[in-house]
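Enquirer:
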Amino acid sequence: MAAAAEEQRKRVLVVGGSGYLGQHLLAALASAAHRLVLDVAFTHHSQAPPLPLLQALPSARAFRADLRSGEGFDAISPSFGQPHVVVNCAAISVPRACEADPTAAMATNVPSSLVDWLLSFGNDDSLLIHLSTDQVYEGVKSFYKEEDETVPVNMYGKSKVAAEKFIVQKCSNYAILRSSIIYGPQTISPVPKSLPIQWMDSVLSQGQQVEFFNDEFRCPVYVKDVVAVILSLAKSWLSDGKKVQVLLNVGGPDRVSRLQMAESVADVRGYNHSIIKSVPASSVNRGVASPSDISMDITKLTQLLNIKPISFQDGVRATLDAEANS
């Protein structure tokens with residue numbers, strides 16, 4: 344009887360679970376684990392997983408793994424088993440860092456060691472959900488569709504295109520999610536990177552004039568909407584196990600510049616717009632080429648999964664409300 348119950352449990356592994364999206368996803372999986380009869384594990388790259396995360400989610404198992412070398416993946420199998428769903432959130436996602444070390448960017452962002460490990464099980468029982476980026480697009484028009492050509496202008500985008508091609512070629516079951524800027528509340532164990540809405544709020548709250556680009560457009564997406572997309576794909580795979588080969592743009596419904604993002608934060612907070620200075624992106628040398636308009640058409644996402652991401656303004660409000668209550 345116990346063996347049969349064990350057999351029915353589904354296993355979900357979040358690679359890069361100590362990162363921003365990873366932690367939000369783990370929290371959602373933990374709250375759904377009882378209802379969905381899930382065992383949840385995550386990998387982390389640092390020496391030790393963040394203690395606050397372990398304390399908040401005691402049922403999630405932590406494994407140290409190196410995406411570049413593949414070291415650590417084999418240690419997951421004996422105690423956790425083959426995962427039914429693997430969500431790959433791990434990446435070098437700072438474009439400047441990718442430009443500075445292209446070798447590291449390709450070795451980390453193309454998940455060859457992870458895919459090889461999944462293939463080693465010798466069956467098609469795992470679904471790989473892989474986070475890609477809007478930076479695979481060239482940025483010369485508005486509202487890119489999934490079938491548009493990928494012509495990345497920087498190393499980050501190039502490494503992500505290479506990853507997509509590798510996964511399509513090697514994996515039987517995959518969902519590739521081209522995500523825009525992900526924003527939302529801070530994580531259980533605060534991440535070291537600057538969070539966009541919190542950073543804008545912090546600089547605007549000082550009342551000094553701040554410059555924001557007026558000519559780079561994105562479709563920022565609220566973190567809980569990204570989590571909802573991942574959970575929807577995972578649930579349908581776990582319930583019917585039908586072949587999955589899907590590529591989706593995962594953005595919010597609004598095409599906004601950094602300037603418009605800052606104006607939304609100012610509106611929610613009641614800051615004076617006079618401190619927001621509009622400048623072109625060309626006014627700053629960031630040491631890396633940046634696409635100007637990589638806004639995305641999310642029709643396929645809303646039709647396939649029936650998920651409608653919230654507006655940017657509502658997401659900003661939800662983010663700042665969560666910060667105020669934390």
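The numbering of the sequence shown is our numbering, which starts it at 344 and goes up by one. From the three backbone atoms N, C-alpha and C, an ideal C-beta is built for every residue, glycine too. Keep in mind that this is a model prediction, so the values were computed, not measured.
(1) Take Met543 and list the residues in its own chain whose beta-carbon comes closer than 6 Å to its own, dropping the five residues that flank it on each side.
(2) Please state if the CB of Arg354 and the CB of Phe406 are separated by a distance shorter than 8 Å.
(3) Between Ala348 and the rest of its own chain, which residues show a CB-CB distance below 6 Å, the 5 nearest in sequence each way excluded?
(4) Taking Asp583 as the reference, give the member of Cys562, Gln425, Leu470 and Ser617 with the closest Cα.
(5) Run the CB neighbour count on Glu492, radius 10 Å, all protein chains shown included, and call it buried at 16 or more, exposed below.
(6) If you reduce the DSSP assignment to three classes, tell me which class Ile435 lands in.
(7) Buried or exposed: His427, going by 16 or more other Cβ atoms within 10 Å of its Cβ?
(8) Would you mind sorting Glu507 into buried or exposed? The rule is 16 or more other CB atoms within 10 Å of its CB.
(9) Would you mind stating whether Ala632 and Asp558 have Cβ atoms separated by less than 8 Å?
(10) Roughly how many angstroms separate the alpha carbons of Leu644 and Ile419, rounded to a whole number?
(11) Which residues bound the beta strand (DSSP E) around Thr645?
(12) Determine the closest residue to Gln478 out of Pro563, Glu666 and Val569, with distance taken between C-alpha atoms.
(13) To the nearest angstrom, how far is the alpha carbon of Met344 from that of Pro392?
(14) Where Val496 and Gly482 are concerned, what is the direct C-alpha to C-alpha distance, given to the nearest angstrom?
(15) Could you name each continuous alpha helix (DSSP H) segment of 4 residues or more that falls completely within the stretch 374 to 432, going from the start of the chain to the end?
(16) DSSP on Ala348, reduced to helix/strand/coil?
(17) Tell me the start and end of each unbroken alpha helix (DSSP H) in the stretch 543 to 604 that is at least 4 residues and wholly inside, in chain order.
(18) Measuring CA to CA, which of Gln656, Asn649 and Pro634 is closest to Ser485?
(19) So, for Ala376: in the same chain, excluding its five sequence neighbours on each side, which residues have a beta-carbon less than 8 Å away from its beta-carbon?
(20) State whether the stretch 498 to 505 contacts the stretch 359 to 376, with contact taken as three or more CB pairs (one from each stretch) at a distance under 8 Å.
(21) Please report the residue range of the alpha helix (DSSP H) in which Arg629 lies.
(22) Ignoring anything shorter than 3 residues or poking outside the stretch 455 to 515, list the beta strand (DSSP E) runs there in chain order.
(23) Would you report the Cα separation of Lys586 and Ser515, rounded to the nearest angstrom?
(24) Between which two residues does the alpha helix (DSSP H) carrying Val659 extend?
Expert: To lay it out plainly:
(1) Leaving aside the five residues that flank Met543 on each side, the residues in its chain whose CB is nearer than 6 Å to its CB run, in chain order, Ala605 and Val608.
(2) No; because the gap between Cβ atoms is not below 8 Å, this pair is not in contact.
(3) Residue placement at Ala348 is flagged as unreliable, the pLDDT there being 46, under the threshold of 50; the coordinate-derived value follows with that caveat. If we look at Ala348 and ignore the five residues flanking it on each side, it has no Cβ neighbours.
(4) Leu470
(5) exposed
(6) coil
(7) buried
(8) With 16 or more other Cβ atoms within 10 Å, it is buried.
(9) no
(10) Taking the straight line joining both Cα atoms gives about 32 Å.
(11) Not the beta strand (DSSP E): Thr645 falls in the alpha helix (DSSP H), residues Thr642 to Leu648.
(12) For the residues Pro563, Glu666 and Val569, the minimum Cα distance to Gln478 belongs to Pro563.
(13) Any reading at Met344 needs caution, since the residue's pLDDT is 36, under 50, leaving its predicted position unreliable; the model's value is listed next. So the alpha carbons of these two residues sit roughly 34 Å apart.
(14) 8 Å
(15) 394 to 399 and 419 to 423
(16) Note that Ala348 has pLDDT 46, beneath the 50 cutoff, so the model's placement of it is unreliable and the number below is only indicative. Note: Ala348 maps to helix in three-state DSSP.
(17) 566 to 583
(18) Pro634
(19) Asp382, Val383 and Ser402
(20) no
(21) No alpha helix (DSSP H) contains Arg629, which DSSP labels as neither H nor E.
(22) 470 to 476
(23) Distance between the alpha carbons of Lys586 and Ser515: 8 Å.
(24) Unbroken alpha helix (DSSP H) run through Val659: Phe655 to Asn668.
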